[in-house]
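Visitor: Input: one structure, supplied below.
Protein chains in written order, with this note's numbering: chain A, 68 to 441; chain B, 90 to 305.
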């Protein structure tokens with residue numbers, strides 16, 4: 068039953084082929100010169116509809132304007148194939164019907180073409196007509212499979228196009244993720260600034276006030292008060308350092324140069340800072356550059372045993388270059404320390420590159436290149 | 090002394106009012122955003138204002154901008170800027186005018202009640218109060234100029250002068266004698282080519298030079 072169904076559908080495909088094939092040719096030869104993209108997608112749309120409807124073969128659609136040459140090639144070739152398969156299939160049916168027709172009713176016209184009753188004709192005709200019927204049943208399947216094979220190869224997006232689309236989509240979604248993470252950091256900074264930090268300041272202030280006004284109270288109570296006051300101030304400093312590491316507000320407000328003075332000034336190792344970025348890069352790239360410098364300086368303070376460090380940020384040829392050096396003991400290895408790996412990941416998230424040169428005995432140089440647009 | 094406060098956190102605003110009132114300062118008005126703050130200041134004409142940098146609506150530098158407007162319109166009103174973080178860039182903008190009647194401190198400093206009130210009074214009476222954090226950021230930025238000639242100790246002294254401290258306060262901070270500080274100060278004046286004149290004036294000039302805003 069299913070085979071019969073397939074034969075029937077393939078036959079319909081062959082019978083209707085020339086109409087679409089010719090219409091496709093006409094469309095390409097007339098409007099194809101003016102609006103090639105629209106014509107290619109409309110005509111291949113007709114074909115796609117045929118295959119989806121008759122052969123249960125939905126085909127992937129290339130992006131608008133893509134793979135035009137292949138679609139035009141398909142329209143040209145499919146037209147030829149449609150004409151050929153129409154001619155063959157319809158011819159087979161026609162001749163076999165003619166053969167049986169002649170066998171059945173030939174006696175009525177026995178004086179014409181072949182001599183009805185001639186033994187050769189009478190034996191060859193039924194065999195030929197039966198063979199033709201078999202061909203008329205089998206060939207549509209063959210033609211349909213050629214046609215769909217061609218369509219799969221030419222009408223679907225090419226592998227290259229598919230991959231490049233995928234890369235575009237992934238690049239876009241990754242940028243979204245990076246931006247979202249950045250926005251999240253900003254939000255947390257804001258929340259802490261408006262909430263916990265204000266509360267702590269207020270707490271420390273009240274403790275300070277209490278300490279100042281209760282000077283002649285029980286010394287044990289005063290000791291506890293003093294301890295609480297100092298603790299509150301320490302907590303405030305720690306929270307401030309933490310929050311500033313998330314995303315400093317001045318970075319959005321005044322840019323990289325302004326934000327980096329704070330980082331450099333807080334570094335226990337003396338830092339020489341030079342920033343020359345005439346045009347501000349995107350906020351995400353700025354945040355990455357800031358993070359690179361902050362993280363690199365904190366690594367230097369923790370591990371390098373350096374007496375001096377330099378930070379140079381400059382923009383040229385559409386790239387932001389960040390170079391951090393120190394005169395410490397060297398031996399920094401990105402494959403081991405989590406700090407450097409985190410840096411490399413953050414830099415990679417905006418298609419930047421990070422190179423570390425850190426021979427044993429120093430000096431260490433971290434070089435980061437970021438695209439200015441992202 | 091009459092004070093107007095601009096601070097968007099209600100908690101902190103009330104705390105500041107309590108703190109200043111306890112120290113016999115007269116808080117005449119408080120505001121939660123820069124716009125109403127400026128209106129209240131022009132209405133009450135206080136001696137000094139205490140102002141948060143980050144305020145609504147954009148929560149970036151409204152307070153700083155309000156302070157700049159204030160210093161242009163009412164130079165006689167002293168401004169003490171408070172912030173959760175101090176930034177060298179904001180300080181430079183704030184100090185682009187005359188470096189007197191102006192202060193810029195971390196909010197944390199409020200916790201040391203006595204010091205904070207003293208800083209406020211100092212600013213109100215024409216002095217300066219810069220947070221040590223700002224000073225160290227400014228120092229980092231001023232490495233490559235005539236200040237190079239100063240020894241690290243002299244730079245330290247100059248930094249403390251910029252914070253607004255007197256010679257004796259500097260002596261206490263550095264654990265040296267008053268006369269040692271006096272010597273350092275004179276060396277600083279000499280190295281910065283400041284002619285002998287009224288000492289206070291020279292102090293202001295030295296601080297100006299230090300902040301990189303003075304004329305050479």
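Note that beta-carbon positions come from the ideal geometry of N, C-alpha and C, so glycine has one too.
All values derive from a computational prediction rather than experimental measurement.
Residue 148 (chain B) CB to nearest chain A CB: under 9 Å?
Guide: Yes, residue 148 (chain B) lies at the interface with chain A (some Cβ there is under 9 Å from its Cβ).
Visitor: Tell me, to the nearest whole angstrom, how far the beta carbon of residue 195 (chain A) is from that of residue 166 (chain A); I am working on the premise that it is less than 8 Å.
Guide: That pair is a contact at about 6 Å.
Visitor: Just checking: is the beta-carbon of residue 125 (chain A) within a distance shorter than 9 Å of some beta-carbon in chain B?
Guide: No, residue 125 (chain A) lies away from the interface with chain B (no Cβ there is under 9 Å from its Cβ).
Visitor: Please list the residues of the region 160 to 184 of chain B that have a C-beta atom closer than 7 Å to any C-beta atom in chain A, keeping them in chain order.
Guide: Listed in sequence order: 173, 174, 176, 177 and 178.
Visitor: Please classify residue 94 (chain B): is it buried, with 16 or more other beta-carbons within 10 angstroms of its beta-carbon, or exposed?
Guide: Classification of residue 94 (chain B): buried, given that the 10 Å Cβ count is 16 or more.
Visitor: Report the neighbours of residue 338 (chain A) on chain B: residues whose CB is nearer than 8 Å to its CB, in chain order.
Guide: Within 8 Å Cβ-Cβ: 229.
Visitor: Given this structure, state the Cα-to-Cα distance separating residue 110 (chain A) from residue 133 (chain A), to the nearest angstrom.
Guide: If you take the alpha carbons of residue 110 (chain A) and residue 133 (chain A), they lie about 14 Å apart.
Visitor: Out of A:386, A:334 and A:340, which has the shortest C-alpha to C-alpha gap to residue 348 (chain A)?
Guide: Selected option, being the one with the closest Cα: A:386.
Visitor: So what does residue 433 (chain A) bridge to, in DSSP terms?
Guide: DSSP, once it has assigned bridges, lists A:391 and A:423 as partnering residue 433 (chain A).
Visitor: My guess is that residue 361 (chain A) and residue 338 (chain A) are in contact by the Cβ rule of under 8 Å, so how many angstroms apart are they, rounded?
Guide: Incorrect: roughly 11 Å between the Cβ atoms, too far for contact.
Visitor: Quick check: is the beta carbon of residue 143 (chain B) nearer than 9 Å to any beta carbon in chain A?
Guide: So yes, residue 143 (chain B) belongs to the interface.
Visitor: Could you list which residues in chain B have their beta carbon closer than 7 Å to that of residue 315 (chain A), in chain order?
Guide: What residue 315 (chain A) touches in chain B: 174.
Visitor: Under 9 Å, Cβ to Cβ, is there at least one residue of chain A near residue 94 (chain B)?
Guide: No, no contact with chain A.
Visitor: Going along the chain, which residues of the region 290 to 307 of chain A sit with their C-beta nearer than 8 Å to a C-beta in chain B?
Guide: So the close ones are 296, 299, 300, 303, 304 and 307.
Visitor: Please classify residue 101 (chain A): does DSSP put it in a helix, a strand, or coil?
Guide: Residue state, collapsed to three classes: coil.
Visitor: Helix, strand or coil for residue 148 (chain B)? Go by DSSP, reduced to three states.
Guide: The answer is coil: DSSP assigns residue 148 (chain B) none of H, G, I, E or B.
Visitor: Counting contacts by CB-CB distance shorter than 9 Å, is residue 218 (chain A) in contact with chain B?
Guide: Closer than 9 Å: no.
Visitor: Run through the region 200 to 235 of chain B for me and flag every whole alpha helix (DSSP H) of 4 or more residues, listed as ranges in chain order.
Guide: Entirely contained in the region 200 to 235 of chain B, the alpha helix (DSSP H) runs reaching 4 residues are, in chain order, 202 to 213 and 221 to 230.
Visitor: Is any non-hydrogen atom of the ligand GDP found closer than 8 Å to the C-beta of residue 352 (chain A), if you look at the structure I gave you?
Guide: Ligands displayed in this structure: none; no statement on the ligand GDP is therefore possible.
Visitor: Is there at least one Cβ from chain B nearer than 9 Å to residue 275 (chain A)'s Cβ?
Guide: Closer than 9 Å to some Cβ of chain B, the Cβ of residue 275 (chain A) qualifies, so yes.
Visitor: For a cutoff of 9 Å on Cβ pairs, would you count residue 242 (chain B) as touching chain A?
Guide: Judged by the 9 Å Cβ criterion, residue 242 (chain B) is not in contact with chain A.
Visitor: May I ask you to list, following chain order, the residues of the region 248 to 263 of chain A that have a beta carbon less than 8 Å from some beta carbon of chain B?
Guide: Hits within the stretch, in order: 257, 260 and 261.
Visitor: Going along chain A, which residues have a C-beta under 8 Å from residue 127 (chain B)?
Guide: In chain order: nothing, as chain A lies at least about 20 Å away.
Visitor: Alpha carbon to alpha carbon, how far is residue 160 (chain B) from residue 186 (chain B)? Give it in angstroms, no decimals.
Guide: The straight-line gap from Cα to Cα measures roughly 8 Å.
Visitor: Strictly below 7 Å CB to CB, what residues from chain B border residue 269 (chain A)?
Guide: Under the 7 Å cutoff, chain B gives 100, 101 and 104.
Visitor: Interface residues of chain A around residue 108 (chain B) at Cβ under 9 Å?
Guide: Under the 9 Å cutoff, chain A gives 272, 273, 275 and 276.
Visitor: If you run the structure through DSSP and keep just helix, strand and coil, what is residue 171 (chain B)?
Guide: Reduced to three states, the DSSP call for residue 171 (chain B) is strand.
Visitor: Comparing C-alpha positions only, which one of A:139, A:311 and A:407 sits nearest to residue 88 (chain A)?
Guide: Taking only the C-alpha atoms, the option nearest residue 88 (chain A) is A:139.
Visitor: For residue 188 (chain B), count neighbouring C-beta atoms within 10 Å of its own C-beta (all shown protein chains included) and say buried if the count is 16 or more, exposed if not.
Guide: Result: buried.
Visitor: Which residue's Cα is closest to the Cα of residue 180 (chain B): B:215, B:163 and B:220?
Guide: Of the candidates B:215, B:163 and B:220, the one whose C-alpha sits nearest the C-alpha of residue 180 (chain B) is B:220.
Visitor: Under the three-state reduction of DSSP, which class applies to residue 207 (chain A): helix, strand or coil?
Guide: It is helical.
Visitor: By DSSP, does residue 319 (chain A) sit in helix, in strand, or in coil?
Guide: Correct three-state label for residue 319 (chain A): helix.
Visitor: To the nearest angstrom, report how far apart residue 366 (chain A) and residue 134 (chain B) are at their CA atoms.
Guide: Whole-angstrom Cα-Cα distance: 50 Å.
Visitor: Determine, using beta carbons only, whether residue 203 (chain B) comes closer than 9 Å to chain A.
Guide: At least one chain A Cβ lies under 9 Å of residue 203 (chain B).
Visitor: Hey, which unbroken runs of the alpha helix (DSSP H) at 4 residues or more fall wholly within the region 250 to 296 of chain B?
Guide: Fully enclosed alpha helix (DSSP H) runs of 4 or longer: 256 to 263 and 267 to 280.
Visitor: With DSSP as the reference, identify every bridge partner of residue 339 (chain A), one or two as the case may be.
Guide: Partner(s): A:377.
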